[in-house]
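Student: This is the structure, below, for whatever I ask next.
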Amino acid sequence: MAKVKIAIVGLGKIARDQHVPSIAASPDFELIAVASPHHGLEDVPSYKSIEALLQAVPGVEAFALCTTPQVRFDIARFALEHGKHVLLEKPPGVTVSEVRALIDIAQRNAAVLFASWHSRFAQAVEPARSWLAARKVLGIAVTWKEDVRVWHPGQPWIWKAGGLGVFDPGINALSILTRLMPGALALKSAALFFPSNCETPIAAQLSLSDPHGVITQVELDFLQTGPQTWSIDVETDAGRLKLSMGGTVLTVNDEPVPTVQATEYGNVYAHFGRLLRERRIDVDYAPLQLVADAFLCGRRVAVDPFIE
Ligand code: NAP
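All residue numbers for the sequence shown refer to my numbering, where the first residue is 6 and numbers rise by one.
Spelled out as structure tokens, the structure:
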């Protein structure tokens, strides 16, 4: 089968680090153009906007939207209304209502829409899910602590409304958690810590309940120096499961469980290829809903200004 002609919109860190090499390695896609206001690729036709790109390269079939979240909705709507298929980087929107509207627009235009939660494609997530499916979960602790100064230098959009602050990494944890747990999770309470000069929180604590009353405690911190922690610890009736390193390492009762070596974004593009062949929409906004609910009910605590 011919490769799907895809274009990237938003040539920032994640586009360069993951999307460009993953498309190059994919048997399903061929990168034919890029749209980004201030950047381009030397060997790929590059345009300042999606409008200019589509005018010059009307044969593009799909877009990978790797922009900052705040501008993603209008770009996605434009692409879908032109009948193009769309992969959304996470988060799929700034609000839940944006994402629901995009599903509607995709359906009306018979286009494929994929909300790509990359952390769900980490190699140990599905093995963890299978192991948990046969056990009774008693309690969960999510610890997602990283240093924003190391991972997000020069990204002021994170601190603007819609940029999510600590939920930019934290939503990755929630995307894994909502994949591991079979029932809908309800947000029960939250505390959000806002630097006095930021519109988004720098730390957060959440408490969630599953349909059986099993509690998940979530600790998110964007100021973690030293060792970084991206872990989910699950207590079950058959012992402890631990997913660490962002979903790439699995242990059960402290014993390592071997997993098949794979890259998150290789899996993301393989899944997008499948969705295109099956003409399917795959948009789960449960992780974004939990973040939105934390903003709805969360107790707000003022903390020191953030100095980059
Ligand atoms: P980034 O480095 O700041 O890049 C964002 C890019 O968006 C910029 O390069 C900018 O292009 C582009 N952009 C802004 N407005 C645009 C518009 N109207 N049209 C087209 N492009 C536009 O941010 P990032 O780290 O790559 O993050 C982007 C998204 O990926 C975020 O949602 C983030 O959560 C997600 N993500 C990031 C990582 C990571 O490790 N950084 C990992 C996974 C997912 P110009 O530079 O040309 O102005």
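Idealized CB from N, CA, C, for every residue including glycine. Bear in mind the structure is a predicted one, so any value in this text is a computation, not a measurement.
I'd like to confirm something about PRO26: is its beta-carbon nearer than 8 angstroms to some heavy atom of the ligand NAP, or not?
Tutor: Taking the sequence shown and counting its residues from 1, one reaches residue 26 at position 21. Result no, Cβ not under 8 angstroms from the ligand NAP.
Student: Tell me which residue opens and which closes the beta strand (DSSP E) that LEU211 is part of.
Tutor: Residue numbering aside, residue 211 sits at position 206 when the sequence shown is read from its first letter. Per DSSP, LEU211 belongs to the beta strand (DSSP E) from 208-214.
Student: Looking only at C-alpha atoms, which of GLY88, PHE227, PHE119 and SER194 sits nearest to LEU211?
Tutor: Within the sequence shown, residue 211 is the residue found at index 206, counting from 1. Checking every option, the nearest Cα to that of LEU211 belongs to SER194.
Student: Using the Cα positions of ASP22 and ILE28, report the straight-line distance between them to the nearest angstrom.
Tutor: Residue numbering aside, residue 22 sits at position 17 when the sequence shown is read from its first letter. Residue numbering aside, residue 28 sits at position 23 when the sequence shown is read from its first letter. Cα to Cα, the separation comes out at about 11 angstroms.
Student: Check whether the stretch 273-287 touches the stretch 144-153, taking contact to mean three or more Cβ pairs, one atom from each stretch, closer than 8 angstroms.
Tutor: Touching, no.
Student: Does the beta carbon of THR256 fall short of 8 angstroms from some heavy atom of the ligand NAP?
Tutor: As a first step, residue 256 must be located in the sequence shown, where it is residue number 251. Not so, every heavy atom of the ligand NAP lies at least 8 angstroms from the Cβ.
Student: Output yes or no for whether 9 angstroms exceeds the beta carbon distance between ARG82 and TRP122.
Tutor: As a working mapping, residue 82 is identified with position 77 in the sequence shown. As a working mapping, residue 122 is identified with position 117 in the sequence shown. In this structure, TRP122 does not lie closer than 9 angstroms to ARG82 by Cβ.
Student: Threshold first: 3 residues or longer. Then list the beta strand (DSSP E) segments lying entirely within the stretch 176-202, N to C.
Tutor: Counting whole runs of 3 or more residues, the stretch 176-202 contains the beta strand (DSSP E) stretches 191-200.
Student: If you drop the 5 nearest sequence neighbours on each side, which residues of the same chain put their C-beta closer than 6 angstroms to that of SER54?
Tutor: Residue numbering aside, residue 54 sits at position 49 when the sequence shown is read from its first letter. Excluding sequence neighbours, SER54 sits near ALA40.
Student: What are the boundary residues of the beta strand (DSSP E) that HIS90 is part of?
Tutor: Start at 1 with the first residue of the sequence shown, and residue 90 comes out as number 85. Where HIS90 is concerned, the enclosing beta strand (DSSP E) stretches over 90-93.
Student: Please specify which runs of the beta strand (DSSP E), each continuous and at least 3 residues long, are wholly inside the stretch 24-83, giving them in chain order.
Tutor: Correct list: 34-40 and 67-70.
Student: Cα-Cα, which of VAL273, LEU255, ASP259 and TYR274 is closest to ALA265?
Tutor: Position 260 of the sequence shown, counted from the first residue, corresponds to residue 265. One point to set straight first is that residue 265 is Val, not Ala, in the sequence displayed. Of VAL273, LEU255, ASP259 and TYR274, the residue nearest in Cα terms is LEU255.
Student: Quick check on the DSSP output: the beta strand (DSSP E) that includes GLU313 runs from which residue to which?
Tutor: What you label residue 313 is simply residue 308 of the sequence shown in a count that begins at 1. Note, GLU313: premise wrong, no beta strand (DSSP E); not H, not E.
Student: Among residues of its own chain, excluding the 5 on either side of ILE163, which ones have a beta-carbon nearer than 8 angstroms to its beta-carbon?
Tutor: In the sequence shown, the residue the question calls residue 163 occupies position 158. So the qualifying residues of the chain are VAL153, HIS157, LEU169, GLY170, ASP173 and THR205.
Student: Return the CA-CA distance between PHE277 and GLY167, expressed in angstroms with no decimal places.
Tutor: Taking the first residue of the sequence shown as position 1, residue 277 is located at position 272. Taking the first residue of the sequence shown as position 1, residue 167 is located at position 162. Spanning the two alpha carbons is a distance of roughly 25 angstroms.
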